Amino acid sequence: MFIDKVSISLTAGHGGDGCISFRREKYVPCGGPDGGNGGKGGDIYFECDMHKTTLLDLSYTPKFKAEDGRKGLSNNKFGKTGEDLTLKIPLGTLVFKNGEFFADLKTAGEKILIVKGGKGGRGNASFKTRKYTVPRISEKGAPGEAAEVNLELILIADVGFVGFPNCGKSTLLSRISAAKPKIADYPFTTLTPNLGVVDYEGKNFVVADIPGIIEGAHKGKGLGFEFLRHIRRTSILVHIIDASGSDGADPYDNYKIINNELKKYSKYLIKKHIIIALNKIDLPDSQKHIKAFKKHLKNKKLFELSAVTGKGVGGLLKETLKMLEKPLAFNPEEETERTSVRKYIYKPEFRVVIEDGVFVVSGDKIEMFTHMTKFSEDEALRRYQNIVRKMGLETELEKMGAKSGDTVRIGSFEFIFEK
Ligand SMILES: Nc1nc2c(ncn2[C@@H]2O[C@H](COP(=O)(O)OP(=O)(O)OP(=O)(O)O)[C@@H](O)[C@H]2O)c(=O)[nH]1
Ligand SMILES: [Mg+2]
Numbered sequence: 002m003f004i005d006k007v008s009i010s011l012t013a014g015h016g017g018d019g020c021i022s023f024r025r026e027k028y029v030p031c032g033g034p035d036g037g038n039g040g041k042g043g044d045i046y047f048e049c050d051m052h053k054t055t056l057l058d059l060s061y062t063p064k065f066k067a068e069d070g071r072k073g074l075s076n077n078k079f080g081k082t083g084e085d086l087t088l089k090i091p092l093g094t095l096v097f098k099n100g101e102f103f104a105d106l107k108t109a110g111e112k113i114l115i116v117k118g119g120k121g122g123r124g125n126a127s128f129k130t131r132k133y134t135v136p137r138i139s140e141k142g143a144p145g146e147a148a149e150v151n152l153e154l155i156l157i158a159d160v161g162f163v164g165f166p167n168c169g170k171s172t173l174l175s176r177i178s179a180a181k182p183k184i185a186d187y188p189f190t191t192l193t194p195n196l197g198v199v200d201y202e203g204k205n206f207v208v209a210d211i212p213g214i215i216e217g218a219h220k221g222k223g224l225g226f227e228f229l230r231h232i233r234r235t236s237i238l239v240h241i242i243d244a245s246g247s248d249g250a251d252p253y254d255n256y257k258i259i260n261n262e263l264k265k266y267s268k269y270l271i272k273k274h275i276i277i278a279l280n281k282i283d284l285p286d287s288q289k290h291i292k293a294f295k296k297h298l299k300n301k302k303l304f305e306l307s308a309v310t311g312k313g314v315g316g317l318l319k320e321t322l323k324m325l326e327k328p329l330a331f332n333p334e335e336e337t338e339r340t341s342v343r344k345y346i347y348k349p350e351f352r353v354v355i356e357d358g359v360f361v362v363s364g365d366k367i368e369m370f371t372h373m374t375k376f377s378e379d380e381a382l383r384r385y386q387n388i389v390r391k392m393g394l395e396t397e398l399e400k401m402g403a404k405s406g407d408t409v410r411i412g413s414f415e416f417i418f419e420k
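Under our numbering, the first residue of the sequence shown carries the number 2, and numbering increases by one thereafter.
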């Protein structure tokens, strides 16, 4: 099944806690601190895999979590690092992290870090200094980063086939590549895009065959609109027309309708190299229609072919190769590239607001520090108070009117304020 949009939530691994321990050895009366650090939590990465063509498998699992880091141990043993998680995604996937454009993965093997595992907490051995030889303090591990991620696949192909339903797009794709799309004598046989690799005269290119387009597609009619975005990255469009008029309409009218839809969908589509292919020339009525068609488009190169008999197909492929060499006047990626401008936002170390009589303190640094402190350890508590005081929290709370006995909340922790 072809799935080109998914939303998933990712949580990196939590860091392991640090350990408090002192060496115990025979004949050594008072060993030094030897509590190891906790291990870092696992990261989550996306990796571009050229064998993947859909986001289907990711759609089965809405939540992913990387492994947590393990606790540090005595004897200076560091906790084990949590294992990273690498999710494979198809080429051409746009990644949006927490609603913002994050990356466009287009190269096989390309791997990017999406959410980072939490740091391991320090064990007491790390707190030892020349003056401070018996530290009874350690930290908890930091939480792993979490994010809501939206993935949007835009197929990477050199050539896109467009045209009315039933004009023969899939038949042509099956003739020129190893792809085996469904073909049938009714409209909307193709429900999701098919990709095929064409190998012609020693050169390769990728073709995307999308569902048929009908009038109003740009407004969401039929299936065309959903899939028109899959031809945004191509540099060539082959506009296929059923020249036999088997659907009862005039082929030239059909040609105009499709052109109009392409134009309305995006101003970029019609700036691509467009090759016009008149298909089904093996059918009796086609010659009459082609004659009329040529009158309308006197100066355009037209390719007449039959996807069924193969007549004229070579000429179309030759032209396609020629066009592939020709650079476009614009970058087809222009439209898909979504560079977000990073604005510098001044962030104070913390912020205090009063909510229902509670002094609520927020700020990345202070929340993380609070989370990593083991308040059950006296020394950790003293260190916490010292650092928070230096950050100016006490002064700020007093300024805002906090009195002894008031509640202060930092992250998920609550304290009673005392002057
Ligand atoms: N006689 C003749 N029939 C053709 C030719 N090309 C395609 N057909 C027939 O036209 C019908 C539709 O072909 P498809 O390849 O499924 O058309 P499509 O454009 O992919 O159609 P959708 O997927 O519905 O958009 C089938 O019955 C094909 O056998 C051709 O060159 N000559
Ligand atoms: Mg088809």
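The beta-carbon is built from N, C-alpha and C at its ideal position, and this holds for glycine as well.
In this text the structure is predicted, and so the values were computed from the model without any measurement.
- Rounded to the nearest angstrom, the gap between the Cα atoms of residue 373 and residue 411 is 12 Å.
- Membership of residue 219 in any alpha helix (DSSP H) is not indicated, and neither H nor E is assigned to it by DSSP.
- Ligand 1 approaches residue 185 closely enough that one of its heavy atoms is under 8 Å from the residue's Cβ.
- With 16 or more other CB atoms across the displayed protein chains lying within 10 angstroms of its CB, residue 324 is buried.
- Under the DSSP assignment, residue 201 falls in the beta strand (DSSP E) whose first and last residues are 195-201.
- Taking all protein chains in view, the Cβ of residue 200 is surrounded by fewer than 16 other Cβ atoms within 10 Å, so the residue is classified as exposed.
- Remark: C-beta atoms of residue 94 and residue 47 approach each other more closely than 9 Å.
- The region 129-138 makes no contact with the region 53-62, as fewer than three CB pairs between them are under 8 Å.
- Each residue's CA atom was taken as its position, placing residue 231 and residue 105 some 14 Å apart.
- For residue 284, the secondary structure class from DSSP, reduced to helix, strand or coil, is coil.
- By the neighbour-count criterion, in which 16 or more other beta carbons inside 10 Å mark a residue as buried, residue 394 falls on the buried side.
- For residue 3, same chain residues with a beta-carbon under 7 Å away, outside a window of 5 residues either side, are 55, 193 and 194 in chain order.
- Every unbroken stretch of the beta strand (DSSP E) spanning 3 or more residues and falling wholly within the region 217-278 is given here in chain order: 237-243.
- 72 is the residue among 23, 32, 72 and 65 whose C-alpha sits nearest the C-alpha of residue 41.
- For residue 309, the shortest separation between its Cβ and any heavy atom of ligand 1 lies below 8 Å.
- Its chain contains 162, 163, 164, 168, 169, 170, 173, 278 and 280 as the residues whose beta carbon lies nearer than 8 Å to that of residue 241, once the 5 sequence neighbours on both sides are disregarded; these appear in chain order.
- Taking non-hydrogen atoms of ligand 1 into account, the C-beta of residue 193 is found less than 8 Å away from none of them.
- Our two residues, residue 419 and residue 39, have alpha carbons roughly 32 Å apart in a direct line.
- Residue range 314-326 is occupied by the alpha helix (DSSP H) that includes residue 314.
- Within its own chain, the residues whose Cβ lies closer than 6 Å to the Cβ of residue 148, once the five positions on either side in sequence are excluded, are 11, 98, 99 and 116, listed in chain order.
- Using a cutoff of 8 Å, the CB of residue 171 counts as near ligand 2, since one of the ligand's heavy atoms is closer than that.
- By the 16-neighbour rule on beta-carbons within 10 angstroms, residue 52 is exposed.
- With a 10 Å radius around the Cβ and a threshold of 16 neighbouring Cβ atoms, residue 234 comes out buried.
- Short note on residue 213: C-beta closer than 8 Å to some heavy atom of ligand 2.
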